[in-house]
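> Following this message is one structure expressed as structure tokens.
Numbering (our numbering), first residue to last: 886 to 1053.
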């Protein structure tokens, strides 16, 4: 627990222990002006950035995501959405520091931080920080799609290659 002076009485040495509830109030007082995540914002993000989810509506993962959204479990829903939409990306770091949640998504978990090209975001709400990281990855084209194979027919030439070996 942290020590904090009581209302400017630090000159006299009056300190008290902070309880966890005091820390929560202090952290929430620094919260951003953005509204917390709700079903409308989550759905709007899915409609704007999800390419795989509409095709996966009948899968177990998509049904689990629907249950999490219905229950209001926004952090779990955001992590499930990343698992569905961005299978190559993983949660590298989720830390609470100075009143904000810091979230980092990466494709390389075992690479050092200074070499990794991770997407990092922060917000006072954990679920919003994770969703901001998801939006950042999706906006920069992080969703791997099927590669398009060109269907260019090879040009017919006058010559046809043949196996010509001398078996003498």
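For every residue, glycine included, the Cβ atom is placed at its ideal position computed from N, Cα and C.
What's the gap between the Cα of residue 937 and the Cα of residue 930?
One-based indexing of the chain shown puts residue 937 at position 52. One-based indexing of the chain shown puts residue 930 at position 45. Each residue's alpha carbon lies about 13 Å from the other.
> Along the chain, which unbroken stretches of the beta strand (DSSP E) at least 3 residues long are found entirely within the segment 994-1027?
Entirely contained in the segment 994-1027, the beta strand (DSSP E) runs reaching 3 residues are, in chain order, 1004-1008.
> In chain order, what residues of the same chain lie with their CB nearer than 8 Å to the CB of residue 965, ignoring the 5 residues before and after it?
Position 80 of the chain shown holds residue 965. Excluding positions up to five away in sequence, the list reads 946, 949, 950, 953.
> Spatial neighbours of residue 992 within its chain, please: CB distance less than 7 Å, with the 5 preceding and 5 following residues excluded, ordered by chain position.
Along the chain shown, one-based indexing puts residue 992 at 107. Here the set comprises 973, 974.
> Could you name the residues of the same chain whose beta carbon sits closer than 6 Å to that of residue 1023, not counting the 5 residues immediately before and after it, in chain order?
Along the chain shown, one-based indexing puts residue 1023 at 138. These residues qualify, in order along the chain: 934.
> Going straight from the alpha carbon of residue 1035 to that of residue 923, what length do you get?
Here residue 1035 refers to the residue found at position 150 when the chain shown is read from its first residue. Here residue 923 refers to the residue found at position 38 when the chain shown is read from its first residue. For residue 1035, the predicted model reports a pLDDT of 47, less than 50, meaning its position is unreliable; a value from the coordinates is still stated below. Distance between the alpha carbons of residue 1035 and residue 923 is about 42 Å.
> Could you tell me which residues DSSP puts in a beta bridge with residue 934?
Start at 1 with the first residue of the chain shown, and residue 934 comes out as number 49. In the DSSP output, where bridge partners are listed per residue, residue 934 has none listed.
> Note down, in chain order, each residue of its chain lying with its Cβ closer than 6 Å to the Cβ of residue 1005, except the 5 sequence neighbours on either side.
Locating residue 1005 in the chain shown gives position 120, counting from the first residue. Cβ within range, chain order: 989.
> Could you name the residues that DSSP lists as bridge partners for residue 988?
On the chain shown, position 103 is the one that residue 988 refers to. BP columns for residue 988 point to 979, 1006.
> If contacts are defined as beta-carbon pairs under 8 Å, then residue 986 and residue 963 qualify, I think. What distance do you get, rounded to the angstrom?
Translated into positions along the chain shown, residue 986 becomes position 101. Translated into positions along the chain shown, residue 963 becomes position 78. Incorrect: roughly 11 Å between the Cβ atoms, too far for contact.
> Reducing DSSP to helix, strand and coil, say where residue 923 ends up.
Numbered from 1 along the chain shown, position 38 holds the residue referred to as residue 923. DSSP places residue 923 in coil when its eight states are reduced to three.
> Please report the straight-line C-alpha distance between residue 1002 and residue 1045, rounded to a whole angstrom.
Walking along the chain shown from the start, residue 1002 turns up at place 117. Walking along the chain shown from the start, residue 1045 turns up at place 160. Their Cα atoms are separated by approximately 48 Å.
> Straight-line CA distance for residue 969 to residue 1012?
Along the chain shown, one-based indexing puts residue 969 at 84. Along the chain shown, one-based indexing puts residue 1012 at 127. Cα to Cα, residue 969 sits roughly 16 Å from residue 1012.
> For residue 1010, which residues from the same chain have a beta carbon less than 6 Å from its beta carbon, with the 5 sequence-adjacent residues on both sides left out?
Locating residue 1010 in the chain shown gives position 125, where the first residue counts as 1. Hits under 6 Å: 921.
> Would DSSP call residue 961 helix, strand or coil?
Position 76 of the chain shown holds residue 961. If DSSP states are grouped into helix, strand and coil, residue 961 belongs with the helices.
> Using 10 angstroms around the beta-carbon of residue 999, count the other beta-carbons present and answer buried if the total reaches 16, otherwise exposed.
On the chain shown, position 114 is the one that residue 999 refers to. When all chains shown are included, residue 999 counts as exposed.
> Could you work out which residue in 976, 1052, 957 is closest to residue 994 when comparing CA atoms only?
What you label residue 994 is simply residue 109 of the chain shown in a count that begins at 1. Among 976, 1052, 957, the Cα nearest to that of residue 994 is on 976.
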